[in-house]
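Read in order, the letters of the sequence shown correspond to residues 4 to 267 in the numbering used here.
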Amino acid sequence: MKRILSAILGAAMLLCFASCGEGEPTETESGTSSSASEVSSESGVLRMATNAYFQPYEYYEGEDIVGIDVEIAEAIAKKLGMELVVEDMEFDSIITAVNEGSADFGMAGMTVTPERVEDVDFSVSYANGVQSIIVPENSPITCADDLFAEGATYKVGVQLGTTGDIYATEDLGSDRVVQYSNGNNAVLALVGGSVDCVIIDNEPAKALVEANEGLKILETAYADEDYAICVKKGNSELLDKINAAIDELVADGTIDNILNKYIK
Ligand code: ARG
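Right under this line is the structure:
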């Protein structure tokens with residue numbers, strides 16, 4: 004049972020979503036903070052909505068939010084001559100934040116999906132992801148198909164509003180899916196025995212397995228995906244600039260260097 008989203012979504016340009024939420028906005032470079040309402044893209048500030056519990060794409064190092072997405076966003080902002088401000092919020096608030104204008108763009112290892120394309124506009128893709136399955140080392144679940152076997156009752160932990168959540172709910176029904184506010188909490192529930200596996204993107208899965216003893220990632224993946232930046236639907240002015248910046252950062256090797264720095 005492997006979904007191949009990237010094939011369907013190979014189109015160069017798509018859209019996405021954003022949100023508003025809790026968490027103090029963090030300015031990554033100077034260490035100062037400003038609230039979303041104080042700044043706007045017109046003031047030379049580019050506000051990025053993210054959910055910073057998704058290592059290596061975005062995560063806390065002390066008070067700072069760092070990671071692949073933050074570094075790529077910094078490089079884009081630099082090309083645009085703007086200052087990046089990173090705002091941490093719930094993942095499922097990002098699209099709302101972008102559409103309400105409290106953030107200029109969303110970047111959160113966000114997968115381009117047909118449903119999200121209805122709500123936001125997506126940039127060209129800058130990275131790929133794979134939905135992976137984390138299980139305890141001694142789990143009877145050995146492959147994705149075990150989840151679908153007749154009579155199977157395995158419970159799946161996911162991060163609320165992510166593609167892992169969406170696919171698992173579609174495929175297994177909401178009774179078998181438990182939603183957590185972030186991947187760390189889903190994995191804590193797995194360690195504690197309240198779910199039988201966690202479905203989450205492959206790189207965060209690796210970081211979570213490294214940080215928690217007794218877990219492993221199954222060989223069979225659940226879905227292949229493309230990550231992209233989302234802007235408010237119709238904001239082609241910003242989207243064109245972001246796409247041009249990404250194209251340049253791909254061409255000169257910057258994005259590859261950033262990916263290779265975090266993904267060994
Ligand atoms: N790729 C998945 C999705 O788009 C998960 C992204 C979660 N990202 C995060 N920063 N928490 O639904």
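Every residue gets a Cβ at the ideal spot worked out from N, C-alpha and C, and that includes glycine.
Since the structure is predicted, the reported quantities are computational estimates derived from the model, not experimental observations.
So is residue i buried or exposed if we call it buried at 16+ other beta carbons inside 10 Å?
| i | result |
| --- | --- |
| residue 80 | buried |
| residue 156 | exposed |
| residue 96 | buried |
| residue 143 | exposed |
| residue 38 | Summary for residue 38: the model assigns pLDDT 39, below 50, so the residue's position carries little reliability; its value from the coordinates is reported in the next sentence. Exposed. |
| residue 141 | exposed |
| residue 178 | exposed |
| residue 235 | buried |
| residue 199 | buried |
| residue 70 | buried |
For residue i, tell me which candidate among the options has the shortest Cα-Cα distance.
| i | options | result |
| --- | --- | --- |
| residue 246 | 108, 170, 186 | 108 |
| residue 215 | 116, 186, 164, 90 | 186 |
| residue 189 | 253, 163, 226 | 163 |
| residue 139 | 196, 179, 93 | 196 |
| residue 90 | 129, 48, 198, 267 | 48 |
| residue 73 | 125, 213, 129, 115 | 129 |
| residue 127 | 145, 252, 158 | 252 |
| residue 192 | 66, 174, 159 | 159 |
| residue 202 | 165, 231, 229 | 165 |
| residue 94 | 161, 145, 65 | 161 |
| residue 270 | 237, 263, 231 | What is shown of the chain runs 4 to 267, which leaves residue 270 out entirely. |
| residue 229 | 174, 267, 170, 115 | 115 |
What is the rounded straight-line gap between the Cα of residue i and the Cα of residue j?
| i | j | result |
| --- | --- | --- |
| residue 261 | residue 85 | 20 Å |
| residue 220 | residue 148 | 14 Å |
| residue 118 | residue 167 | 14 Å |
| residue 172 | residue 152 | 16 Å |
| residue 243 | residue 123 | 14 Å |
| residue 62 | residue 113 | 14 Å |
| residue 111 | residue 226 | 18 Å |
| residue 176 | residue 255 | 45 Å |
| residue 43 | residue 100 | Because residue 43 sits at a pLDDT of 47, beneath the cut-off of 50, its placement in the model cannot be relied upon, and the point is left open. |
| residue 46 | residue 233 | 20 Å |
| residue 92 | residue 265 | 22 Å |
| residue 76 | residue 68 | 12 Å |
| residue 78 | residue 223 | 34 Å |
| residue 125 | residue 184 | 24 Å |
| residue 88 | residue 150 | 41 Å |
| residue 58 | residue 211 | 8 Å |
| residue 83 | residue 258 | 16 Å |
| residue 218 | residue 240 | 45 Å |
| residue 120 | residue 137 | 28 Å |
| residue 66 | residue 180 | 32 Å |
| residue 145 | residue 154 | 16 Å |
| residue 213 | residue 170 | 25 Å |
| residue 182 | residue 64 | 25 Å |
| residue 98 | residue 194 | 31 Å |
Quick one: is residue i near chain D, going by C-beta distance under 8 Å?
| i | result |
| --- | --- |
| residue 248 | As a matter of chain content, chain D is missing from the structure shown, which is built from one protein chain. |
Going by DSSP, what residues sit across from residue i in a beta bridge?
| i | result |
| --- | --- |
| residue 138 | 219 |
| residue 67 | 64 |
| residue 182 | 161 |
Stretch-stretch touch, CB-based, cutoff 8 Å, three pairs: the region 51–68 with the region 103–120: yes
Three CB pairs or more closer than 8 Å across the region 200–208 and the region 120–139: yes
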